[in-house]
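Chains as they are written, first to last, in our numbering: chain A, 14 to 494; chain B, 14 to 494.
Protein chains: 2
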Amino acid sequence: PVTPTEESSRLYPLPPTPKENKVLPEDLKTPDNHVERDPRLIRLTGVHPFNVEAPLSDLFDEGFITTKDLHYVRNHGAVPRVEDTEVLDWEFTVEGMVEHPIKMTLRDLIQDFEQVTYPITLVCAGNRRKEQNVVRKTKGFSWGAAGLSTALWTGVTLPDLLTRAVPKRGAKYVCFEGADKLPNGYYGTSVKLNWAMDPDRGMMVAHKMNGEPLPPDHGKPVRIVIPGQIGGRSVKWLKRIIVTSAPSDNWYHIYDNRVLPTMIDPEQSANLPDTWKDERYAIYDLNTNSAICYPAHDERVPLTGSAETYKLKGYAYAGGGKRVTRLEVTLDQGRTWMLAPISYPEDLYRQARDGETLFGGRLDVSWRETCFCWCFWELELPIAKLHEARDIMIRAMDDSMMVQPRDMYWSVLGMMNNPWYRVVIHKEGHSLRFEHPTQPALIPGGWMERVKKEGGNITNGFWGEKTAGEDATPVQEEPAK
Amino acid sequence: PVTPTEESSRLYPLPPTPKENKVLPEDLKTPDNHVERDPRLIRLTGVHPFNVEAPLSDLFDEGFITTKDLHYVRNHGAVPRVEDTEVLDWEFTVEGMVEHPIKMTLRDLIQDFEQVTYPITLVCAGNRRKEQNVVRKTKGFSWGAAGLSTALWTGVTLPDLLTRAVPKRGAKYVCFEGADKLPNGYYGTSVKLNWAMDPDRGMMVAHKMNGEPLPPDHGKPVRIVIPGQIGGRSVKWLKRIIVTSAPSDNWYHIYDNRVLPTMIDPEQSANLPDTWKDERYAIYDLNTNSAICYPAHDERVPLTGSAETYKLKGYAYAGGGKRVTRLEVTLDQGRTWMLAPISYPEDLYRQARDGETLFGGRLDVSWRETCFCWCFWELELPIAKLHEARDIMIRAMDDSMMVQPRDMYWSVLGMMNNPWYRVVIHKEGHSLRFEHPTQPALIPGGWMERVKKEGGNITNGFWGEKTAGEDATPVQEEPAK
Numbered sequence: 014p015v016t017p018t019e020e021s022s023r024l025y026p027l028p029p030t031p032k033e034n035k036v037l038p039e040d041l042k043t044p045d046n047h048v049e050r051d052p053r054l055i056r057l058t059g060v061h062p063f064n065v066e067a068p069l070s071d072l073f074d075e076g077f078i079t080t081k082d083l084h085y086v087r088n089h090g091a092v093p094r095v096e097d098t099e100v101l102d103w104e105f106t107v108e109g110m111v112e113h114p115i116k117m118t119l120r121d122l123i124q125d126f127e128q129v130t131y132p133i134t135l136v137c138a139g140n141r142r143k144e145q146n147v148v149r150k151t152k153g154f155s156w157g158a159a160g161l162s163t164a165l166w167t168g169v170t171l172p173d174l175l176t177r178a179v180p181k182r183g184a185k186y187v188c189f190e191g192a193d194k195l196p197n198g199y200y201g202t203s204v205k206l207n208w209a210m211d212p213d214r215g216m217m218v219a220h221k222m223n224g225e226p227l228p229p230d231h232g233k234p235v236r237i238v239i240p241g242q243i244g245g246r247s248v249k250w251l252k253r254i255i256v257t258s259a260p261s262d263n264w265y266h267i268y269d270n271r272v273l274p275t276m277i278d279p280e281q282s283a284n285l286p287d288t289w290k291d292e293r294y295a296i297y298d299l300n301t302n303s304a305i306c307y308p309a310h311d312e313r314v315p316l317t318g319s320a321e322t323y324k325l326k327g328y329a330y331a332g333g334g335k336r337v338t339r340l341e342v343t344l345d346q347g348r349t350w351m352l353a354p355i356s357y358p359e360d361l362y363r364q365a366r367d368g369e370t371l372f373g374g375r376l377d378v379s380w381r382e383t384c385f386c387w388c389f390w391e392l393e394l395p396i397a398k399l400h401e402a403r404d405i406m407i408r409a410m411d412d413s414m415m416v417q418p419r420d421m422y423w424s425v426l427g428m429m430n431n432p433w434y435r436v437v438i439h440k441e442g443h444s445l446r447f448e449h450p451t452q453p454a455l456i457p458g459g460w461m462e463r464v465k466k467e468g469g470n471i472t473n474g475f476w477g478e479k480t481a482g483e484d485a486t487p488v489q490e491e492p493a494k
Numbered sequence: 014p015v016t017p018t019e020e021s022s023r024l025y026p027l028p029p030t031p032k033e034n035k036v037l038p039e040d041l042k043t044p045d046n047h048v049e050r051d052p053r054l055i056r057l058t059g060v061h062p063f064n065v066e067a068p069l070s071d072l073f074d075e076g077f078i079t080t081k082d083l084h085y086v087r088n089h090g091a092v093p094r095v096e097d098t099e100v101l102d103w104e105f106t107v108e109g110m111v112e113h114p115i116k117m118t119l120r121d122l123i124q125d126f127e128q129v130t131y132p133i134t135l136v137c138a139g140n141r142r143k144e145q146n147v148v149r150k151t152k153g154f155s156w157g158a159a160g161l162s163t164a165l166w167t168g169v170t171l172p173d174l175l176t177r178a179v180p181k182r183g184a185k186y187v188c189f190e191g192a193d194k195l196p197n198g199y200y201g202t203s204v205k206l207n208w209a210m211d212p213d214r215g216m217m218v219a220h221k222m223n224g225e226p227l228p229p230d231h232g233k234p235v236r237i238v239i240p241g242q243i244g245g246r247s248v249k250w251l252k253r254i255i256v257t258s259a260p261s262d263n264w265y266h267i268y269d270n271r272v273l274p275t276m277i278d279p280e281q282s283a284n285l286p287d288t289w290k291d292e293r294y295a296i297y298d299l300n301t302n303s304a305i306c307y308p309a310h311d312e313r314v315p316l317t318g319s320a321e322t323y324k325l326k327g328y329a330y331a332g333g334g335k336r337v338t339r340l341e342v343t344l345d346q347g348r349t350w351m352l353a354p355i356s357y358p359e360d361l362y363r364q365a366r367d368g369e370t371l372f373g374g375r376l377d378v379s380w381r382e383t384c385f386c387w388c389f390w391e392l393e394l395p396i397a398k399l400h401e402a403r404d405i406m407i408r409a410m411d412d413s414m415m416v417q418p419r420d421m422y423w424s425v426l427g428m429m430n431n432p433w434y435r436v437v438i439h440k441e442g443h444s445l446r447f448e449h450p451t452q453p454a455l456i457p458g459g460w461m462e463r464v465k466k467e468g469g470n471i472t473n474g475f476w477g478e479k480t481a482g483e484d485a486t487p488v489q490e491e492p493a494k
């Protein structure tokens, strides 16, 4: 419980106040008819299963911490139903190649282990996939750029839990399995044991989100949360932790969350079991990515108003504990770049007092050199400069000096899409109108669909504009005079 | 000492036999007149100081392990002179924020600590800088693509050594200082203490290279070796290890080995002390990179010979323990890509028997999930396909799903250059001639200088070919008929 005295000394952000949600009418006829949800969330796979992202502006406006209301959700099937009265008796195991197998309840997890709290940004591997789907249909549904969210998670670190179980010699992986029964079995995946045992990586068994018991869509009553890796590894509704000598053989571990080589098309992929099983193509750490949130899609900025400047804003993130070290903006398609100041609200938690607790967990951040959360950038520019430009593009660089590429890496599942984020500027009468690359789900709009319809090649590294390499395409000529 | 029985069971590569070198005539008039060197090495900064890389083909032909003869060298000044008889008495310290400061000799390091051996690829932050210098002169000299080498290093791990000294509360960095006195003081730099204490990162105090005492150019008698980070952090001729609460304030730590934002030009950079001191721009982990070694520059392949195929070959690497998970080749400027098989000779060391030793050190590789070395790729193609193509380009992707970019990131010091490596194909009579981007040092040749001289814009993402964004440049027209 946060006392007023404690609160006044906190420099770091606390979660915004969540809403009271209800079961929505559209969920009444589905197995999720017990789950309360926020109607603002955009459904990406029809009514059911529930896969959603918030409108990008709403997500951004909530700030560093996202409420449960707007936190993205990736469900493969029905949400397991757990009554509040059953929560503390929920059982899960630590088994497999361990000296001391554990069968425990959530009550045991809370009573017998040190509790920690820290902020973690979860990102779906499919964030920005709609852009890939416009280039060429992938096997995945169409995430916009809001497939990420940040919450304060409370629970027990995996190193703590696994140390109690004592992994055996030869153990190399840790598998996680949830209670969500799906056409191909329970959802499950694995990570390397070496990572799971590394306190720097901060993997956690969590039972609170923003200080409240987990909502059903986020794993009620207990889940894995893995900072810096794609959301698909953070198994919800946790039932089993299995220490093994080989990666998970769960169907979802093998046939989801992979970036197959770009030349493999959907037809070929059906006949390449060895390629699917090649762990080199499995995604763990997030790649470096960024998006423009303001100007929003279809936002209009008057040229004749009193404001002479406009403040561009957005987010960026890196994976595997890495940090975004610079965010650059171009108004001339990459010829020149401007540096945008970055803020890392996560750093405010590093200044917490020694042993300080939040939501019943020690705020386990101050000693970390690693980075688990998104950051924000902004850049104030004269509107006259935006008026002169055709588009705004951004790219982030991380502390391993890898920079987001100009070119999209298309792959059959459509994942980890991270080319320069481009917003087109239209001059319309006395205002500027801004156009994002896409809109999520089946929502029409965005320059990618438009340019493609106009016959432009959106894979050419020039966003559909003509290049010398495309001489074969007839160039429109001015009629001779 | 390697006994025949041991040798026969080894699956992993041992170093090629080194040559007996002599002091070269050009070194006689320099302070390095005591240092024996291989005349094949290409001098990048005149005669002195000694900064060299091997001819790319020679480096590649040596295989996974590079001999001392061809290992690249980056010296800032004169090589400290240490007689063989003085080696074991060489003193160095572990000092600063530690409970138990240590002053020790190399003899102590060998006698009092466990010795380990493993292969490490060192890479200069300036590898491939010549390409950047052609675009726009940086403050650095012109490395080609052979600014990297791999050796088996033997010594004591930093976690071992630092644990003995016991870092104090509040300590966050480890500084290293060498015996090479330079215009701005002794060479020195720092890394994070958290990394230095992490066995996965494998930082080491080394006294043997490929089973022999360190050669003078490589730090005789003792040096730091840091896997996965730029060579500039691996301080040679080690005198001091200093645990601190802040990064090194050594001149070379601040004004070298940084990637400043791209918009900062050499003139501006002289007046930006805070930008130089911003640790976000300091380079630690290597970024992901690759090069084509065969076909070599100016190699000719007959179209009329008996061979119907040609095998492309090269290297790739990633930093920070990451692994290259795919290498792709394009013959149509990125429209389509082919997958090239990769081999990781480093993995052979992982299969060593438990406790196996090499060169007096335990082969400390089998348990590691991290990757410390370069890998090799090759792709056999019909010569007819090469005949049809204008160029060959490659890109590597690492296990964080970051891919080498099409575009160069130019910065004032010219470092971490890693765009797609491009070899141009010229059709000359009955053969193909291949042209690399550049040649190291002041050696002329390469398509970048040629295209630039012809007036092409080599920064446009199309290697100097005309793009739609360059309408201002008059396009050559067919004369009207």
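All C-beta atoms, glycine included, are put in the ideal place defined by N, C-alpha and C.
Computed from a prediction, not measured in an experiment: that's the story for all the values here.
query                                                                                                                              : result
Residue 155 of chain B CB to nearest heavy atom of the ligand ATP below 7 Å                                                        : Among the components modelled here there is no ligand, and therefore nothing to report on the ligand ATP.
Nearest-angstrom Cα separation, counted from residue 458 of chain A out to residue 57 of chain A                                   : 15 Å
Neighbourhood of residue 301 of chain B by C-beta, 8 Å cutoff - its chain only, sequence neighbours within 5 removed               : 329, 330, 331, 332, 335, 337, 409, 410, 411, 415, 416, 417, 431
Three-pair Cβ contact test at 8 Å for the region 308-327 of chain B versus the region 446-465 of chain B                           : yes
Chain-ordered chain B contacts of residue 88 of chain A [CB-CB under 9 Å]                                                          : Ordered by position in chain B, no residue passes the 9 Å Cβ test against residue 88 of chain A, which lies about 24 Å from the chain.
Three-state class that DSSP yields for residue 305 of chain A in the structure shown                                               : strand
Minimum C-alpha distance to residue 303 of chain A - residue among A:175, A:37, A:419                                              : A:419
Residue 234 of chain A at chain B interface by Cβ criterion, 8 Å                                                                   : no
Start and end residues, alpha helix (DSSP H) containing residue 143 of chain A                                                     : 142-148
Beta-carbon proximity of residue 123 of chain B to residue 220 of chain B, cut-off 8 Å                                             : yes
Alpha-carbon to alpha-carbon, residue 233 of chain A and residue 31 of chain A                                                     : 17 Å
The region 56-73 of chain B touching the region 166-183 of chain B, judged by at least three CB pairs closer than 8 Å              : no
Short Cβ contact (8 Å threshold) for residue 222 of chain B with residue 178 of chain B                                            : no
Min CB distance residue 210 of chain A to chain B below 8 Å                                                                        : no
Contact set between the region 345-376 of chain B and chain A, restricted to residues whose Cβ is under 9 Å from the partner       : 345, 346, 347, 348, 349, 350, 351, 352, 355
Contact set between residue 429 of chain B and chain A, taken where Cβ atoms lie within less than 7 Å                              : 414
Simplified DSSP state of residue 15 of chain B, which is helix, strand or coil                                                     : Annotation note: pLDDT 48 at residue 15 of chain B (below 50); position unreliable, no value reported.
Chain-ordered chain A contacts of residue 296 of chain B [CB-CB under 7 Å]                                                         : 414
For residue 369 of chain B and residue 27 of chain B, the rounded distance between their alpha carbons                             : 14 Å
Buried or exposed (CB count within 10 angstroms, at least 16 for buried), residue 322 of chain A                                   : exposed
Residue range of the unbroken alpha helix (DSSP H) whose run includes residue 73 of chain B                                        : 69-75
Amino acids of chain A, ordered along the chain, whose beta-carbon sits closer than 7 Å to that of residue 205 of chain B          : 382
Residue 293 of chain A: contacting residues in chain B (beta-carbon distance under 8 Å)                                            : 336, 338, 339, 412
Status (buried if at least 16 other CB within 10 Å, exposed otherwise) for residue 398 of chain B                                  : exposed
Coarse secondary structure for residue 178 of chain A, derived from DSSP in three states                                           : helix
Closer than 8 Å at the beta carbon, the chain B residues around residue 92 of chain A                                              : Within 8 Å Cβ-Cβ: nothing; residue 92 of chain A doesn't reach chain B, min ~29 Å.
Touch test, the region 125-136 of chain A against the region 193-206 of chain A, Cβ-Cβ under 8 Å, three pairs minimum              : no
Beta strand (DSSP E) segments (min. 3 residues) lying fully within the region 102-159 of chain A                                   : 104-109, 115-118, 129-136
Residues within the region 136-168 of chain B neighbouring chain A, beta-carbon criterion of under 8 Å                             : none
Where residue 390 of chain A falls: helix, strand or coil (DSSP)                                                                   : strand
CB of residue 502 of chain B within 8 Å of CB of residue 325 of chain B, strictly                                                  : Look at the range of chain B in this structure, 14 to 494, and you will see that residue 502 of chain B is not part of it.
Cutoff 8 Å: residue 435 of chain A Cβ touching any chain E Cβ                                                                      : Included in the structure are the protein chains A and B, with no chain E among them.
Cβ-based burial, residue 249 of chain B [other Cβ within 10 Å; buried from 16]                                                     : buried
8 Å CB neighbourhood of residue 102 of chain A in its chain, flanking five on each side removed                                    : 118, 119, 120
Nonlocal neighbours in the same chain, by C-beta distance under 6 Å from residue 61 of chain A, ignoring five residues either side : 43
Secondary structure of residue 197 of chain A, DSSP reduced to three states                                                        : coil
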